[in-house]
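Taking it in order: structure first as structure tokens, then the write-up.
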Amino acid sequence: MFESFNFDQSRTAIIVSLQLPSISNQDCKLSCEELTLLAKTLGVTISEVFVQKRRSAEPGYYIGKGKLEQIKEFVIANKIETVFFDNELTGIQARNLEKYLGIPIFGRTEIILNIFQKRARTNEAKLQVQLASLEYMLPRLKNRWDHFSRVQGGIGLRGGEGEKQLELDRRMIKEQIKRIKIKLNKVDVQMKNRRKRRKEHNLISLVGYTNAGKTSLLNKLTRQKQLAQNMLFSTIDSNIKKVYIDPGLTILLNDTVGFINKLPHGLVASFRSTLDEIKSSKLILHVIDASSPYIQTQIQSVNQVLEEIEVHDIPIARVFNKMDKIDHEHLDIQTNINEEDLLVSAHTGAGLESLKDKIKEHFLILSEIN
Ligand SMILES: Nc1nc2c(ncn2[C@@H]2O[C@H](COP(=O)(O)OP(=O)(O)OP(=O)(O)O)[C@@H](O)[C@H]2O)c(=O)[nH]1
Ligand SMILES: [Mg+2]
103 MFESFNFDQS RTAIIVSLQL PSISNQDCKL SCEELTLLAK TLGVTISEVF VQKRRSAEPG
163 YYIGKGKLEQ IKEFVIANKI ETVFFDNELT GIQARNLEKY LGIPIFGRTE IILNIFQKRA
223 RTNEAKLQVQ LASLEYMLPR LKNRWDHFSR VQGGIGLRGG EGEKQLELDR RMIKEQIKRI
283 KIKLNKVDVQ MKNRRKRRKE HNLISLVGYT NAGKTSLLNK LTRQKQLAQN MLFSTIDSNI
343 KKVYIDPGLT ILLNDTVGFI NKLPHGLVAS FRSTLDEIKS SKLILHVIDA SSPYIQTQIQ
403 SVNQVLEEIE VHDIPIARVF NKMDKIDHEH LDIQTNINEE DLLVSAHTGA GLESLKDKIK
463 EHFLILSEIN
């Protein structure tokens, strides 16, 4: 899907976002800021963000004509090479926009899929991302065909020739999807067995919004050095490590892929088996970036994913991280902190003893029940 555009060279882009009446200014701003960070992850610099408020999307071009003209002027004047839409476009809209603006257009899902493709390390994660990309691409093939043949440097196929090629491509993608699903099923069986064995262990999962500090916490608790970066989606593969809590208690700590608002649906589905790991845990630590100005929205989107993957029966403890950047009172105003919540800093180590105590207490209660 992405062969047509090489993100690896540094590029300049703009973001365009359509703000429908149901979206608050705050959420729209968060989403655009996130997309700017996602772009940065790909080495793309965002020169400008265009937001249009509209009642509904324009069927042909997604945004209104006036805004579109303004964008075109900007694109030409500033030699912009690509446009990132913060929304999902239909194939027709993407094609029309590309024709009108003369540069490639990418939607939020394509950008996230691209980052996942680059980051996936394990065989399973690679297969999952491939599957999500192919499933995303399949229904969009027809309308994107013009674009792909053009950008890939082809002369552009004419009429029947294009249709024939399209049919071949479609069949090829379906075949690929089938093959990947078979491979994933095999991996899934292995994972299920491994999970069964883990069930007998004390597995705890770190979940949370991307960039909350999950990997940093794991590193601090295990004194390991996994990649923790100020970047969205630095962790794609689950990563399980042993943590020694006290002489009688060693736990397995599972670092997971970060969640994000508007996480592409197909991606959640193909990461189901990774997320299933969370289901085998005896405790979930919901890691929250206490210093984020969007703390409420981030907490809500994580809760939503947790609901989607149905983990109702597992206790969840909220861990407010990055407390070194912010004071308690300020946090209290932002969100309702209660006594059960843990306030920590993966950087300074503050609060980690209370976190360990909480874990100890949890397993003590569990052992009393059993
Ligand atoms: N000031 C401060 N920064 C932190 C703390 N914990 C993590 N960070 C920073 O936050 C950024 C993200 O940290 P990660 O540990 O990679 O976050 P993550 O939740 O694993 O992110 P993903 O893997 O992308 O989901 C890094 O730049 C960390 O250095 C903290 O306690 N205090
Ligand atoms: Mg991480």
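Per the working numbering, the sequence shown runs over residues 103 to 472.
A virtual CB, placed ideally from N, CA and C, is assigned to each residue, including glycine.
Only a predicted model underlies this, so the values are computations on that prediction, with no experimental measurement involved.
Exercise. Should threonine 211 go down as buried or exposed, given a rule of 16 or more other Cβ atoms within 10 Å for buried?
Worked result: For the purposes of this step, residue 211 is taken as residue 109 along the sequence shown, with counting starting at 1. Threonine 211 comes out buried.
For this session: Return the bridge partner residues of valine 309 from the DSSP annotation.
Result: Position 207 of the sequence shown holds residue 309. In the DSSP output, where bridge partners are listed per residue, valine 309 has His388.
Exercise. With burial defined as no fewer than 16 other Cβ atoms inside 10 Å of the residue's Cβ, what is the status of lysine 322: buried or exposed?
Worked result: Locating residue 322 in the sequence shown gives position 220, counting from the first residue. It is buried - the Cβ of lysine 322 has at least 16 other Cβ atoms within 10 Å.
Exercise. The alpha helix (DSSP H) with asparagine 405 in it runs from where to where?
Worked result: Along the sequence shown, read from residue 1 onward, the residue named residue 405 stands at position 303. 397-410 is the span of the alpha helix (DSSP H), which, as asked, contains asparagine 405.
For this session: Using the Cα positions of valine 177 and serine 124, report the straight-line distance between them to the nearest angstrom.
Result: In the sequence shown, counting from the first residue as 1, residue 177 sits at position 75. In the sequence shown, counting from the first residue as 1, residue 124 sits at position 22. Cα to Cα, the separation comes out at about 29 angstroms.
Exercise. CB of histidine 388 to nearest heavy atom of ligand 3: below 7 angstroms?
Worked result: Within the structure as shown, ligand 3 is missing, the only ligands being ligand 1 and ligand 2.
Exercise. How would you call methionine 75, buried or exposed, if buried means at least 16 neighbouring beta carbons within 10 angstroms?
Worked result: Outside the displayed range of the chain (103 to 472) lies residue 75, so it cannot be described from this structure.
Exercise. Looking at the structure shown, is leucine 444 part of a helix, part of a strand, or coil, going by DSSP?
Worked result: Taking the sequence shown and counting its residues from 1, one reaches residue 444 at position 342. It is a strand residue.
Exercise. Does the distance from the C-beta atom of glutamate 136 to that of isoleucine 362 stay below 8 angstroms?
Worked result: For the purposes of this step, residue 136 is taken as the residue at position 34 of the sequence shown. For the purposes of this step, residue 362 is taken as the residue at position 260 of the sequence shown. A contact, by the Cβ cut-off of 8 angstroms.
Exercise. Counting along the chain, where does the beta strand (DSSP E) carrying aspartate 348 start and finish?
Worked result: Residue numbering aside, residue 348 sits at position 246 when the sequence shown is read from its first letter. 341-348 is the extent of the beta strand (DSSP E) around aspartate 348.
For this session: May I ask you to report which of helix, strand or coil DSSP gives phenylalanine 422?
Result: The residue you call residue 422 lines up with position 320 of the sequence shown. Note: phenylalanine 422 maps to strand in three-state DSSP.
Problem set entry | Backbone CA spacing between aspartate 271 and glycine 264 [nearest angstrom] | As a position in the sequence shown, residue 271 is number 169, starting the count at 1. As a position in the sequence shown, residue 264 is number 162, starting the count at 1. Note on geometry: alpha-carbon atoms of aspartate 271 and glycine 264 lie some 10 angstroms from one another.
Problem set entry | Selected residue, minimal CA-CA separation from aspartate 188, among Asp290, Ile214, Arg223, Gln232 | Along the sequence shown, one-based indexing puts residue 188 at 86. If we check each option's Cα against that of aspartate 188, Ile214 comes out closest.
Exercise. Per DSSP, what kind of secondary structure is aspartate 290 in: helix, strand or coil?
Worked result: Residue mapping note: residue 290 aligns to position 188 of the sequence shown, counting from 1. Three-state DSSP puts aspartate 290 in a helix.
Exercise. Could you give the residue range of the alpha helix (DSSP H) that holds lysine 155?
Worked result: In the sequence shown, counting from the first residue as 1, residue 155 sits at position 53. Where lysine 155 is concerned, there is no enclosing alpha helix (DSSP H), although the beta strand (DSSP E) it sits in stretches over 146-155.
Exercise. Per DSSP, which one or two residues make a beta bridge with phenylalanine 120?
Worked result: Here residue 120 is taken as the residue at index 18 of the sequence shown, counted from 1. Contrary to the premise, residue 120 reads as leucine rather than phenylalanine in this sequence. Leucine 120 pairs with Gln154.
Exercise. What is the rounded straight-line gap between the Cα of valine 370 and the Cα of lysine 462?
Worked result: Along the sequence shown, one-based indexing puts residue 370 at 268. Along the sequence shown, one-based indexing puts residue 462 at 360. Each residue's Cα considered, the two are about 32 angstroms apart.
For this session: Assuming valine 118 contacts isoleucine 173 (C-beta within less than 8 angstroms), just tell me the rounded distance between them.
Result: Locating residue 118 in the sequence shown gives position 16, counting from the first residue. Locating residue 173 in the sequence shown gives position 71, counting from the first residue. Yes, they are in contact, since the Cβ atoms of valine 118 and isoleucine 173 sit about 6 angstroms apart, within 8 angstroms.
For this session: Between the Cα of glutamine 49 and those of Gly168, Glu277, Thr192, Ile148, spot the shortest distance and give me the residue it belongs to.
Result: Here the chain covers residues 103 to 472 and nothing more, so residue 49 does not appear.
For this session: Grab me the residues of leucine 243's own chain with a C-beta within less than 7 angstroms of its C-beta, minus the 5 sequence neighbours each way, in chain order.
Result: On the sequence shown, residue 243 is found 141 positions in, with the first residue counted as 1. Closer than 7 angstroms at Cβ, skipping near neighbours: Leu268, Asp271, Arg272.
Exercise. Identify the residues that DSSP records as bridge partners of aspartate 357: which are they?
Worked result: For the purposes of this step, residue 357 is taken as the residue at position 255 of the sequence shown. Looking at the DSSP assignment, aspartate 357 forms a beta bridge with Leu308, Asn341.
For this session: Using beta-carbon positions only, say whether isoleucine 217 and leucine 320 come within less than 8 angstroms of one another.
Result: Position 115 of the sequence shown holds residue 217. Position 218 of the sequence shown holds residue 320. No, the Cβ-Cβ distance between isoleucine 217 and leucine 320 is not below 8 angstroms.
Exercise. Cβ-heavy atom distance between lysine 316 and ligand 2 below 7 angstroms?
Worked result: Residue 316 sits at position 214 when you count from the first residue of the sequence shown. Result yes, Cβ under 7 angstroms from ligand 2.
Exercise. Hey, valine 289 and glutamate 226: beta-carbon distance below 8 angstroms or not?
Worked result: As a first step, residue 289 is located in the sequence shown; it is residue number 187 there, counting from the start. As a first step, residue 226 is located in the sequence shown; it is residue number 124 there, counting from the start. Contact flag set, yes.
Exercise. Beta carbon of isoleucine 284, beta carbon of leucine 236: below 8 angstroms?
Worked result: Taking the first residue of the sequence shown as position 1, residue 284 is located at position 182. Taking the first residue of the sequence shown as position 1, residue 236 is located at position 134. It is not a contact, given that the beta carbons lie outside the stated cut-off.
Problem set entry | Per DSSP, the bridge partner or partners of alanine 115 | Sequence index remark: in the sequence shown, residue 115 carries index 13 (1-based). Bridge partners of alanine 115: Ile148, Thr184.
Exercise. Nearest to threonine 450 by CA position, among Glu160, Ser318, Ile439, is which residue?
Worked result: Within the sequence shown, numbered from 1, the residue matching residue 450 stands at position 348. Nearest option by C-alpha distance: Ser318.
Exercise. Any idea what DSSP makes of glutamate 160, helix, strand or coil?
Worked result: Reading the sequence shown from its first residue, position 58 is the one you call residue 160. Glutamate 160: strand per DSSP, three-state reduction.
Exercise. How big is the Cα-Cα spacing for isoleucine 148 and aspartate 129?
Worked result: Stepping through the sequence shown from its first residue, residue 148 is reached at position 46. Stepping through the sequence shown from its first residue, residue 129 is reached at position 27. Rounded to whole angstroms, isoleucine 148 to aspartate 129 spans 19 angstroms at the Cα level.
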